[in-house]
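Trainee: Pasting in a structure now, in structure tokens, and then I'll have a few things to ask.
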Amino acid sequence: MYFSGKLTVNPSQVSQIQKVVPQKAFKRMLYHLTAGLVSDQEEQQTFTAVAILQQFNHAFRQMGIDNLVRLAHDDMDMYLDTEGKQGDLKEALDQYDLSINEAMSEVFQQLFLVLEHEQDTFHYLIEIDINRTHAVGTYPIEIKVNGLLQEFRATPGTSVNSLRKRMKEIFASQQEYDAYLEARSLEFTTFLSEIQMALKKYVRVDDIQVTMKQHLVAPRQKIKDFKKVNDAPRRQTAEPVYGDYYGSSDFFWYFLLWSDLAHDHHIHIHEAEVFTDEGDLLGTVDNIDANDLPVLNENTTYEEGMEGATEFMDVQHEDYQPKTTYDDGSWFDGDSSGGDFDLTDASCSSCSSCSSCSSCGGD
């Protein structure tokens, strides 16, 4: 289990509404036939890469957060810490400022930062996604925060049995479990509020929206050896902790044991999301006995554990959802200026993306 927070930020900058040429062949034809009236709309922010990074630098350093893990500019890694360096935020941003020219700073599409920070009982991973263009109605800046429990971090010499023994007292009763989570939840939400206040002070914003959830990680095999559990290459997914950043894998051991212990001790789970150990969302739960979800048991595979899970969990992962025989979308979704078009084609009902089938022409 770990805590996950999200802050979506709307900076106080002038935006321009721009029309975007559709990517699908049929959409492009409609775009040209209608002089662009049916194209999708996006908002483009006027801030520059250097300016926005300077503001974030001030905000996070004011909080004492100064460890940068990664900085990427349009999918190009400008900085990646593979050694666990400390206090490298300012140095990395200064080097970035010197490395890019004015054109790169003004025409970027995306900036991507990952920071780490230790405070009280948590190790935090903070992922910042800054988009120059974004869908109308969405915010261009998204900050994801993962709160990992430092007391259960795997250190050299830690065994599965010793860590399980340390964690067991949390699961001694529902009261013990709820009290522990309540205390950690308060600490985590306080940290999110501190980030929110720092951003309001140093980054000119119109609005910041904050959400928080608990996440469970389902074991994919019996937890015998930490290295064997985590030998699969990690990839960037919806959560920073799965990004294979330096030191993040030290926490996966307790993630998996937590789910297994909750299952074995019939702990009631309140409003949580369940992920695979590779970062894929399996589904969401509202208020259930963890024993009713075999997927949380280390002796059960994902496939076995998900059988009948829809009775207790809102299944999200595509591999476990009922397969549909139709496409409920259309090649062209249109916008308010494009008129009413219904372009759903029954001949394309068997494909979901329309990227390769011959009936729609592909991309």
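If you read the sequence shown in the numbering used here, its first letter stands for residue 802, the second for the next number, and so on.
Quick reminder that beta carbons are idealized off the backbone N, C-alpha and C, glycines included.
What do you get for arginine 1005, buried or exposed, if any count of 16 or more other CB atoms within 10 angstroms of its CB means buried?
Mentor: Label assigned to arginine 1005: exposed.
Trainee: Please report the distance separating the alpha-carbon of glutamine 766 from that of histidine 924.
Mentor: Nothing in the structure corresponds to residue 766, since the chain is present only between 802 and 1164.
Trainee: In whole angstroms, what is the alpha-carbon distance linking tyrosine 981 and glutamate 988?
Mentor: Roughly 11 Å between the two C-alpha positions.
Trainee: Quick one: using the 10 Å Cβ neighbour count with 16 as the cut-off for buried, is leucine 890 buried or exposed?
Mentor: The residue is buried, with at least 16 neighbouring Cβ atoms inside 10 Å.
Trainee: Measure the Cβ-Cβ separation of valine 961 and alanine 1019 and say whether it is below 8 Å.
Mentor: The answer is no: Cβ separation not under 8 Å.
Trainee: Specify whether the segment 903 to 923 and the segment 1076 to 1091 touch according to this definition: at least 3 beta carbon pairs, one from each stretch, less than 8 Å apart.
Mentor: Counting Cβ pairs under 8 Å, fewer than three are found: no touch.
Trainee: Quick check: aspartate 930 and phenylalanine 913, are their CB atoms within less than 8 Å of each other?
Mentor: Yes, the pair counts as a contact, with Cβ atoms nearer than the cut-off.
Trainee: Taking its Cβ as the centre, do 16 or more other Cβ atoms sit within 10 Å of serine 805, making it buried, or is it exposed?
Mentor: Serine 805 comes out buried.
Trainee: Taking only three categories from DSSP, how would you classify glycine 806?
Mentor: Correct three-state label for glycine 806: strand.
Trainee: Taking 8 Å as the threshold, find out whether the segment 1045 to 1061 comes into contact with the segment 990 to 1004 through three or more Cβ pairs.
Mentor: No, the segment 1045 to 1061 is not in contact with the segment 990 to 1004.
Trainee: Taking the alpha carbon of histidine 874 as the point to measure from, which residue in Met864, Ala850 and Phe857 has its own alpha carbon closest?
Mentor: The candidate whose alpha carbon is nearest that of histidine 874 is Ala850.
Trainee: How many angstroms separate the CA atom of glutamate 1099 from the CA atom of asparagine 1092?
Mentor: Cα to Cα, glutamate 1099 sits roughly 12 Å from asparagine 1092.
Trainee: Quick check: what's the CA-CA separation for aspartate 878 versus glutamate 977?
Mentor: Using only the alpha carbons, I get a separation of about 44 Å.
Trainee: For glutamine 1057, report the span of its alpha helix (DSSP H) as first-last.
Mentor: The question names glutamine, but residue 1057 in the sequence shown is leucine. Leucine 1057 -> alpha helix (DSSP H) spans 1053 to 1065.
Trainee: In whole angstroms, what is the alpha-carbon distance linking tyrosine 880 and glutamine 1015?
Mentor: Rounded to the nearest angstrom, the two C-alpha atoms are 30 Å apart.
Trainee: Quick check on threonine 1012: does DSSP put it in helix, strand or coil?
Mentor: Three-state result, threonine 1012: strand.
Trainee: Please look up how many angstroms separate the CB atoms of valine 810 and isoleucine 927, rounded, as I've assumed it's under 8 Å.
Mentor: Incorrect: roughly 13 Å between the Cβ atoms, too far for contact.
Trainee: Round the Cβ separation of isoleucine 807 and threonine 1012 to the nearest angstrom and send it over; I've been treating them as touching at under 8 Å.
Mentor: For the record, residue 807 in the displayed sequence is lysine; it is not isoleucine. Going by Cβ atoms, the distance from lysine 807 to threonine 1012 rounds to 5 Å, so yes, they are a contact pair.
Trainee: Bridge partners for lysine 945 per DSSP, in chain order?
Mentor: DSSP, once it has assigned bridges, lists Lys807 and Glu928 as partnering lysine 945.
Trainee: Can you tell me where the alpha helix (DSSP H) holding tyrosine 1046 begins and where it ends?
Mentor: Note, tyrosine 1046: premise wrong, no alpha helix (DSSP H); not H, not E.
Trainee: Report the partner residues of aspartate 1078 according to the DSSP bridge assignment.
Mentor: Aspartate 1078 pairs with nothing; no bridge assigned.
Trainee: For my contact list, glutamate 1040 and asparagine 947 are in at a C-beta cut-off of 8 Å; report their separation, rounded to the angstrom.
Mentor: The pair is a contact, with the Cβ atoms about 6 Å apart (cut-off 8 Å).
Trainee: Can you give the Cα-Cα distance for proline 812 and leucine 993, rounded to whole angstroms?
Mentor: If I take the Cα positions, the gap works out to 18 Å.
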